[in-house]
Every structure is written in C-alpha cells, then in structure tokens.
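Here's the structure we're looking at; comments come further down.
In my numbering, the protein residues as written are 506 to 984.
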C-alpha cells in the first residue's frame with residue numbers, strides 16, 4: 506500500500522470508459538466558451554465535476570462581474586462525478602463512533618449533520634433550478650451480512666440518538682431484525698438492516714445543470730484543456746498563479762484545485778495525502794421476478810470485509826428499474842490494495858467485473874430474482890477514479906504557505922454528501938467578509954479544513970486510507 510501511494514497520478518487518461526450517465530454526452534460536453542484560452546482571469550478552477558462547478562457557480566453568485574474560468578482535462582464532468590453510482594447517501598452511523606473518539610463529540614455531530622444537510626441541499630437545488638437529473642429523495646437500506654457489523658451499527662445508532670437527540674433527522678434510523686429485513690427488502694440472507702433517508706440522481710446531469718447555470722452567469726468553460734503544471738510568482742506585492750496547458754498559459758491571483766484523485770500531479774506535496782482509487786460500476790436489468798419499474802429504497806450490502814452500493818432507476822425515468830451497482834473491491838487480494846494509486850479509467854478489473862455482473866441474484870435470492878431479462882442482464886460497465894485522503898476526510902480550504910491556492914478534494918468516494926456544502930464553505934472562506942467566515946466556522950467541520958498539521962500526516966498504509974469509522978465497518982469501496 507505504501508508503494509501504491511507513491512505512484513504519481515499523472516493527468517486523466519484519454520478515451521476513458523463511457524459511463525451509463527454519459528451516454529449520450531451532454532450538449533456542453535466539449536464546450537470551449539471562447540476559442541482561445543484567456544491569458545488571465547480573476548478566478549481559475551481546475552476540474553468541472555460537482556466540486557468545480559459549484560465553486561464557480563458560488564463565486565459568480567457573490568461577484569457577478571468576476572472573470573471565472575474552469576479548466577477541464579477531458580469532457581465536462583467526465584471525472585468521478587460523471588462515473589459514480591448515482592447515490593446521495595451518508596451512512597453517517599458508520600463513522601460516527603470513531604469520529605467521536607478521534608475528533609470529539611461536537612465534531613462527530615457536525616460531520617453527521619453536514620452530510621445530511623448536503624443530501625437535502627443537493628435535491629433541493631435540483632428542484633429549485635429545474636435541473637433534469639432524475640432527482641429522487643427516498644430511503645436507503647443497509648442489508649447486513651455480518652454479525653460484527655450488525656452489533657457495531659446498532660451501537661453507533663444508539664449513540665447518535667443519545668447524543669444528537671432522536672428528533673435530529675441526521676440521527677433518524679429504523680432498525681430491522683433478520684425476519685423483517687428478509688421480508689421487507691427481498692433479501693433472504695440478511696441478518697438485519699438499517700433504513701434511513703437518502704436519495705438518487707444522475708450526478709452527471711446534475712453537474713451539467715450547475716455548469717449551465719454558471720455559464721449563464723458568465724463562466725468561461727474550457728474543456729479538453731488539462732492543467733499540466735502550476736507555478737507562482739510575486740507581482741506587485743501579490744502572488745499570481747500561472748497554469749500551463751497545451752493551449753497556453755493562464756494567470757490568476759486565485760486558483761482552486763477541484764482535482765480529487767489527480768491533485769498530486771499539480772501539487773507534489775499532496776503525494777501520499779491524496780491517493781487515487783480505481784472503482785467500478787455496472788448497470789443491469791433486474792430479473793423478471795423483481796419490480797421492473799424500480800425498488801422503493803436504494804441499497805448497500807454490508808459484508809464482513811467490504812460492501813456494494815446499489816440504486817434502481819426510479820419510475821417514469823428513462824430506463825426505469827435498471828440497477829446501478831458498484832463496489833466489489835473486497836473481492837481482490839489484500840482487499841483491493843492494487844486499485845489504490847491506479848488512474849486508468851480506460852480499463853476494467855476482470856475479477857471485480859465478474860463479481861458485479863453476478864452478485865445481484867445472490868443478494869435478492871434466485872426465487873425473488875427470477876429469470877434474467879430476455880435481452881440480457883448487463884447494460885453498461887465503467888470505471889472511475891476516486892480520491893482517498895490520508896486521514897479519511899476531504900481537504901477544503903487554503904493551501905498552507907501557498908497564498909492564492911485553494912483546494913476542495915479527496916472525498917473518499919463520498920462526494921455526493923460533501924461536495925455541495927464543501928464548495929459553499931470554500932467560497933465563504935475565499936470571498937466572505939469576517940462575519941461570513943465566522944459563520945462558516947460555525948457549521949463546517951474543522952477536521953475537513955486544509956491545514957499545515959494535516960499536510961504533515963503521511964500515508965501509513967491501508968488504515969489511514971479508510972475513513973474514520975471504517976476500521977469497525979469494513980473497507981470503503983464506493984465510487
């Protein structure tokens with residue numbers, strides 16, 4: 506694992522696998538707002554995923570006259586955002602107890618509430634702005650196949666209720682014993698289950714919608730323009746950042762990296778602090794014994810050493826009922842250690858591919874699943890690159906000792922319950938007055954802020970690549 510953490514990430518690969526969500530590509534997938542790359546801008550953001558798009562949008566809401574440029578190495582929203590499993594799911598109970606031990610009770614509660622708030626805000630934003638992304642607020646269920654995890658989950662939920670209050674929506678869980686879980690969720694081998702609020706959507710379509718809102722406010726989007734390197738110089742008593750691309754150089758006093766698993770390519774100091782992680786997802790039709798228009802809950806399947814996550818496309822959406830399932834890293838030797846440091850999203854790992862194709866009838870049982878769809882089970886398979894941090898939390902804020910350089914990255918496969926609020930916090934830190942910065946201090950977790958102390962934490966093996974809490978709950982493997 507230490508060796509994998511030392512592998513330089515390089516730039517995003519050309520011709521990656523095409524995800525279910527990106528077929529067909531959006532009409533702005535290859536957009537260059539201006540034919541030439543501007544020589545300078547007030548703000549430059551590297552990365553056009555959910556983080557980069559929301560950072561640019563929030564900047565333009567605060568400062569409409571600002572010149573804002575997003576640089577994207579490939580097509581718009583072509584990184585992890587456009588390749589994930591479609592889940593907006595916190596599973597905060599899985600990290601709460603260890604967050605309390607490592608960070609303190611107040612910080613554990615702050616993280617859980619932020620994750621819940623991020624889910625609500627994401628779906629609210631889609632509805633408010635009419636973004637067609639199949640936004641679906643619904644419950645999720647964790648199907649438990651490990652007595653260890655069942656006991657740990659019950660204890661974590663009890664602790665959340667005790668310390669946060671049973672009326673706190675971030676602490677609201679329904680616990681099912683084995684017989685109830687098997688009957689309610691069609692999972693004949695379940696030892697128990699935990700149900701709580703979550704949702705699903707096309708993160709690709711959602712982010713394309715956010716980019717279009719930002720474009721309407723004056724954003725300059727430059728796709729297929731990879732940031733090859735960055736340098737800083739002092740000009741007129743302020744720091745100016747230069748971003749070198751194949752199409753020329755752009756200068757800015759404010760540079761933000763929304764580059765997730767690729768960050769160390771531009772900032773070598775982040776090597777071993779943000780480690781790429783290769784994940785896979787499969788889209789498949791349900792068996793004929795399953796509901797053909799979608800299940801009412803999204804799912805995770807929790808094993809002793811790993812888990813899968815699954816949504817079904819909701820009713821009245823294109824391809825309703827289709828299953829999107831990802832995970833499977835735990836099927837590999839050393840719980841998937843070889844997937845860390847890997848940035849080749851042009852390829853699929855054969856063992857994970859076979860497992861994800863075959864696992865769903867086992868989860869639901871052959872009697873519930875029934876015969877496969879006559880046209881075949883598998884619809885699409887793809888891979889993507891996540892960013893795992895050294896301490897299991899994202900890096901958000903100003904880069905220490907690098908004036909004018911900001912970061913929002915390393916979401917540990919958990920971006921859909923962090924990115925929107927992290928972007929809001931980052932722009933508040935970057936542009937807000939003293940009152941707004943104090944307000945951000947009041948709700949954004951201090952443990953997720955970028956700091957000199959966190960940069961001193963080096964990669965020490967797999968334990969440090971797990972989010973806090975994953976020590977008790979198995980390997981993180983969500984894209």
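Heads up, the beta-carbon is just placed ideally off N, CA and C, and yes, glycines get one too.
Helix, strand or coil for residue i? Go by DSSP, reduced to three states.
| i | result |
| --- | --- |
| residue 797 | coil |
| residue 665 | helix |
| residue 939 | helix |
| residue 638 | coil |
| residue 891 | strand |
| residue 519 | coil |
| residue 808 | coil |
| residue 623 | helix |
| residue 570 | coil |
| residue 547 | coil |
| residue 977 | Note that residue 977 scores a pLDDT of 46, beneath 50, so its modelled location is shaky; the value from the coordinates is reported in the next line. Reduced to three states, the DSSP call for residue 977 is helix. |
| residue 527 | helix |
| residue 972 | The pLDDT assigned to residue 972 is 36, lower than 50, so where the model puts this residue is not dependable; a value taken from the coordinates is nonetheless given after this. Correct three-state label for residue 972: coil. |
| residue 923 | coil |
| residue 934 | helix |
| residue 633 | helix |
| residue 775 | helix |
| residue 575 | strand |
| residue 532 | coil |
| residue 882 | coil |
| residue 984 | A caution first: residue 984 carries a pLDDT of 35, below 50, which makes its placement in the model too unreliable to give a value. |
| residue 647 | strand |
| residue 564 | helix |
Thinking C-beta only, is residue j closer than 7 angstroms to residue i?
| i | j | result |
| --- | --- | --- |
| residue 564 | residue 922 | no |
| residue 848 | residue 890 | yes |
| residue 586 | residue 712 | yes |
| residue 875 | residue 961 | no |
| residue 683 | residue 697 | yes |
| residue 927 | residue 892 | no |
| residue 650 | residue 885 | no |
| residue 814 | residue 590 | yes |
| residue 728 | residue 958 | no |
| residue 725 | residue 574 | yes |
| residue 783 | residue 844 | yes |
| residue 569 | residue 770 | no |
| residue 909 | residue 744 | yes |
| residue 887 | residue 588 | yes |
| residue 792 | residue 863 | no |
| residue 550 | residue 732 | no |
| residue 742 | residue 756 | no |
| residue 807 | residue 647 | yes |
| residue 695 | residue 594 | no |
| residue 856 | residue 837 | yes |
Which residues mark the beginning and the end of the beta strand (DSSP E) in which residue i is found?
| i | result |
| --- | --- |
| residue 916 | No beta strand (DSSP E) contains residue 916, which DSSP labels as neither H nor E. |
| residue 832 | 828-832 |
| residue 787 | 779-789 |
| residue 756 | 753-757 |
| residue 747 | 743-750 |
| residue 821 | Element bounds for residue 821: n/a, residue is neither H nor E. |
| residue 761 | 760-762 |
Within the present structure, is the beta-carbon of residue i separated from the nearest heavy atom of the ligand NAD by less than 6 angstroms?
| i | result |
| --- | --- |
| residue 884 | In terms of ligand content, the structure shown is empty, and the ligand NAD therefore cannot be addressed. |
Locate the alpha helix (DSSP H) running through residue i, then write down its first and last residues.
| i | result |
| --- | --- |
| residue 739 | First-last for residue 739: 734-740, but that is the beta strand (DSSP E), not the alpha helix (DSSP H). |
| residue 769 | 768-771 |
| residue 962 | Run containing residue 962: none; DSSP gives neither H nor E here. |
| residue 508 | 507-510 |
| residue 871 | 871-874 |
| residue 898 | Premise fails: residue 898 is in no alpha helix (DSSP H) and is neither H nor E. |
| residue 608 | 598-608 |
Item to check | Segments assigned alpha helix (DSSP H), at least 4 residues, entirely inside the segment 839-866 | outcome: DSSP runs (the alpha helix (DSSP H)) wholly in the segment 839-866: none.
Checklist entry - What beta strand (DSSP E) runs, 3 residues minimum, are completely inside the segment 649-730? => result 679-682, 697-705, 725-727
Checklist entry - Counting Cβ pairs closer than 8 angstroms, one from the segment 577-587 and one from the segment 543-560, do we hit at least three? => result yes
Next on the checklist: Check whether the segment 814-830 and the segment 635-649 touch, using three or more Cβ-Cβ pairs below 8 angstroms as the test.
Outcome noted: The answer is yes - the segment 635-649 touches the segment 814-830, with three or more Cβ pairs under 8 angstroms.
Checklist entry - Three or more C-beta pairs closer than 8 angstroms, one from the segment 759-768 and one from the segment 823-840: is that the case here? => result The segment 759-768 vs the segment 823-840: no contact.
Item to check | Sufficient close CB pairs (3 or more, under 8 angstroms) joining the segment 655-670 to the segment 605-615 | outcome: yes
Next on the checklist: Does the structure place the segment 795-807 close enough to the segment 615-631 that three or more beta carbon pairs sit under 8 angstroms?
Outcome noted: Output reads no: the segment 795-807 does not touch the segment 615-631.
Checklist entry - Should the segment 891-904 be regarded as contacting the segment 953-960, the criterion being three or more beta carbon pairs within less than 8 angstroms? => result Contact between the segment 891-904 and the segment 953-960 is present: three or more C-beta pairs spanning the two stretches fall below 8 angstroms.
Item to check | Three-pair Cβ contact test at 8 angstroms for the segment 530-545 versus the segment 596-612 | outcome: no
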